[in-house]
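Pasting the structure below:
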């Protein structure tokens with residue numbers, strides 16, 4: 073059971089790191105667009121990053137339920 077908890081923790085940690093690494097990259101690529109477009113695209117990128125994080129958390133929770 074300890075190994076499964078560690079695996080789930082690693083999955084969530086990796087998903088979190090990926091989400092928060094992608095966000096600045098997405099925002100950084102938008103520097104040459106007008107302000108409103110940059111804000112909208114940054115919000116969309118943030119929403120996508122959180123969506124990936126929640127998917128990983130759901131997957132981890134599903135793994136816990138199975139065992």
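In this note's numbering, the protein residues as written are 73 to 139. The beta carbon of each residue, even a glycine, is placed where N, CA and C say it ideally should be. If you're wondering where the values come from, they're calculated on a predicted model, not measured in any experiment.
### Task
Grab the span of the alpha helix (DSSP H) containing residue 108 for me, first residue to last.
107-138
### Task
Drop a sphere of 10 angstroms on the beta-carbon of residue 117, count the other beta-carbons inside from all chains shown, and report buried for 16 or more, exposed for fewer.
buried
### Of the residues 109, 83, 74, the one placed nearest residue 129, counting alpha carbons only
83
### Query
Between the C-alpha atoms of residue 127 and residue 112, what's the straight-line distance to the nearest angstrom?
23 Å
### Query
Cβ atoms of residue 87 and residue 136: under 9 Å apart, would you say?
no
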